[in-house]
Amino acid sequence: MTEYTFDDDGNPVPKRTTSRGFCENFAGEDDLMDIFHVQGDGYDVTLSLARKTIILKNVNPGTGRKKKGLGGLFSKNKEFKIKDNTIDLNSVIGVKLKRRRTGEQKEGEGVCLGFAVHVMEHKSRSCMRERMVLFEHPSDALCLRYVRKIEKYISEIPGRPKSVKLFLQHYAGAAHGRSLLKNKVLPLFNLADINVDHCEVQHTEFIKQEMIHINIDDYDVIIAMGGDGTVNQVADGLLTQSQKDKDIELKPGFSPTKAKVPLGIIPIGVTNHIARSVMGSSDMINAVLHIMLGNIQPVDICSVYSEDKFKQWAFNCQYGYAGNVMKSYNRLRNLGRRGLEMAIYKSMTKAKLRAYECDVEYIPADIGDRKQVPCWQGCEVCWNDEKAVDDDSGVTTDVVEEFNPLGMSGDSDTLVDLAKEPNGGGSWRTCKGQYLNVAIYVIPGREALAPRGLSKYTHLNDGVIDLVLIKTTVRKEFLRYIKRLANQKNQFELPFVEVHHAKEVRFRRRWPIGFNYKDFSFNEIDYEMSRRENLNRAFTPDSSILEIDDPIEDEPPRRFQSLQKMNTEIEDLDLEDSDDSDDSVKSKPQETERVVNGVRHVRAASASDMILVGPAYRTPFSEQERMQRQKRQQKKEEKKKAKDEKKMKSVWNIDNEVCREDELSFKVHHGLLLVCGRGVPPDTEVDEGTLLCVPSA
């Protein structure tokens, strides 16, 4: 009998089958034993669901029939090497009945050849691939018995998806997304009878709009097929929609809930630093197999705010040098990886490499005496509790929480555990100065140009932000830092690199006191007139009871005011039938009276209240030429100002997407997102990065 739990609305939900209960379901299953031809030899094949294996025993050891067709290298690579004559059923991804059909026969018709078992095998320590084992037998009934038994076992394996939603970014990488989806990805999902609902990304807001209209509960995995930007958009839409379904408002200090379903990544981009950090490889088939086998790894992610408004979710963010690289690469995307290397080289030139004035604030994270070790599978630093992976209905509570001492709501300044802080201080730490690059790493950020990661000692699931600040230094020293990203040396040992472990980070760009340019918006005559007028009003007797008008900042010059009043008066004179034919000026100032609380107050009319009436004269040619020269000079000064501002400002590189905000805040959330993968195996062979534009160290 199926056991149920109940959700927040009281609806019954079937309990997830544990691995122990899964094994007990097949404890009483009878074994199947028959003779098949496998890879040219006869074998006694025993299918045992209780032992979770397919056991093969050679009938005639030392003999075997000769294989037909092409031999040698091609056929050898396609064979699955059966170790100890045993196939583990947990490594089986699908089973199909094989038939030989003619052109007129439909699917399901034809001569039975046997059944094919599609198995996962390790191509390398960090990369898997799919291989097929064909069990040849002419009997339909016999082969169907084996097929149905194996399908029943696979369908009961906990964690394996049945239905997935896939977002394809066709233009990622070499822009071969459609052909890869049709020829590589969909056939693999069809082997495991996984229903794939796929759509192609049309514009930047497409994924966000789709996530609003679909029901996430209808899918077991949400897949992003593209580069790092596509992965970021899908993760952002998945987490944002999960918060809305729980009625959690996205604001600073909120406690988020975990994503409803895992995130699958099929990397086809250029860098793929998110996929490499979680799976250890950017191989597309390896990523699909992780999704099909149900491998899940909890991963940290940070929320990004702009002026106390939620902006997006992100993994790795950089400002300065990395932002300039992304700006240049956006114009060279058609060149692929070569375009990225050209952008890196261009950003390291003397004309482009510069430091930026920044204010960085952070709350330190308590990491104790943690050693600097990379993040591998089974990492002791990361939180790998399997029970926490299965529990996706709870709300995560961060170590750093918003707390209001005057009330119960969490909407005040950040509260930190003072007992764990050095010197008993739980306040923000501040770093001010000129930095070539400001980096916020939540995951290691492994990629081809940095095979060990942009931050080699950042972990996937430790709830800590690694804040890396590269101070201003000479170009030669900065090249040393770039070279160490591709080799085994520690780039954080350089004297101009600062590393801080934080829970929250605030960033603000600083502007200098002034620019070296002439400001044409300042009029000295208008300023002096307004200053004297304010002084006269201030020293007028009984100024305490006189009404003094505040000066208007955007008030036009008085010459134009008088001309406007003159034109208005002329129009009024033309409309009225007046006996006065001569133009005149009201030279005598008029007085205004005002009675307040029985006291009569008199204010003399100022010069601005006088109406000037007279003929309008044409502007002299000398004045026109002077104004034209001034206008040209003003354009030059504005271009100079814009150029200086451009040099003092960079952009954010958020998961290889450009963000032009000047003030951002970041907060890490521990294990909030589940990603299909197992981490990087500890015995993975890491090749040295190849960056053609930078000489090797």
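Each residue of the sequence shown is one higher than the one before, starting from 8 at the first, in the working numbering. Glycine included, C-beta positions come from ideal geometry on N, C-alpha and C.
Supposed close pair residue i, residue j - CB separation, criterion 8 Å
i	j	result
Ile-303	Cys-683	6 Å
Met-139	His-125	5 Å
Gly-327	Leu-443	6 Å
Ile-450	Phe-322	5 Å
Gly-686	Cys-382	7 Å
Arg-344	Val-268	That pair is no contact at about 32 Å.
Asp-95	Thr-60	6 Å
Leu-681	Pro-305	6 Å
Alpha-carbon spacing of residue i relative to residue j, whole angstroms
i	j	result
Lys-483	Val-504	14 Å
Glu-116	Ile-472	59 Å
Glu-111	Ser-170	32 Å
Arg-167	Gly-101	12 Å
Pro-458	Met-40	48 Å
Leu-175	Thr-237	8 Å
Cys-365	Pro-371	19 Å
Glu-560	Thr-479	Note that Glu-560 scores 47 on pLDDT, short of 50, meaning its location in the model is unreliable; the coordinates nonetheless yield the value given after this. For Glu-560 and Thr-479, the distance between alpha carbons rounds to 40 Å.
Leu-342	Arg-106	45 Å
Gly-78	Asp-48	Reliability of the predicted coordinates at Gly-78 is poor, the pLDDT of 41 falling under 50, and no value is obtained from them.
Pro-259	Met-333	28 Å
Gln-209	His-177	9 Å
Thr-447	Glu-670	The amino acid at residue 447 is misidentified as Thr; the sequence shows Ile. Using only the alpha carbons, I get a separation of about 14 Å.
Asn-256	Ser-262	One point to set straight first is that residue 256 is Glu, not Asn, in the sequence displayed. So the alpha carbons of these two residues sit roughly 9 Å apart.
Asp-533	Ser-335	45 Å
Thr-465	Arg-283	13 Å
Thr-356	Asn-97	53 Å
Leu-187	Trp-390	35 Å
Glu-348	Ser-289	19 Å
Phe-317	Asn-543	50 Å
Lys-496	Gly-287	20 Å
Arg-513	Asn-92	59 Å
Thr-691	Lys-130	12 Å
Asn-190	Asn-67	39 Å
Lys-727	Tyr-153	As shown, the chain starts at 8 and ends at 704. That puts residue 727 outside it, with no answer to give.
Glu-630	Ala-182	60 Å
Ile-272	Met-232	6 Å
Glu-500	Ile-477	12 Å
Leu-339	Asp-227	37 Å
Residue i, DSSP secondary structure in three states
i	result
Thr-264	strand
Ser-657	coil
Ala-457	strand
Gly-327	strand
Gly-184	helix
Leu-149	helix
Asn-494	coil
Arg-667	coil
Phe-142	strand
Thr-693	The sequence shown places Val at residue 693, rather than the Thr named in the question. In the structure shown, Val-693 sits in coil (DSSP, three-state: anything other than H, G, I, E or B).
Phe-33	coil
Glu-114	coil
Asp-95	strand
Arg-516	strand
Glu-7	Coverage of the chain is limited to positions 8 through 704, which leaves residue 7 absent and any answer about it impossible.
Arg-58	coil
Glu-387	coil
Leu-193	helix
Asp-200	coil
Asp-366	strand
Asn-65	strand
Counted within 10 angstroms of its Cβ, other Cβ atoms place residue i as buried (16 or more) or exposed
i	result
Glu-511	buried
Glu-212	exposed
Ser-462	buried
Ser-249	buried
Ile-374	exposed
Ser-551	Residue confidence is low: Ser-551 scores 45 on pLDDT, short of 50, so the model does not pin down where it sits. Its coordinate-derived value is still stated next. Counting Cβ neighbours within 10 Å, Ser-551 comes out exposed, since fewer than 16 surround it.
Leu-151	exposed
Trp-518	exposed
Gln-640	exposed
Cys-324	buried
Ile-219	exposed
Ala-509	buried
Phe-122	buried
Asp-589	Interpretation of Asp-589 is limited by its pLDDT of 46, a score under 50 that renders its predicted location unreliable; no figure is taken from the coordinates.
What are the complete beta strand (DSSP E) segments, minimum 3 residues, inside the region 219 to 250? 228 to 233
Quick check for students: name the residue ranges of the alpha helix (DSSP H) that lie wholly in the region 273 to 347, counting only runs of 4 or more. 280 to 286, 291 to 300, 328 to 336
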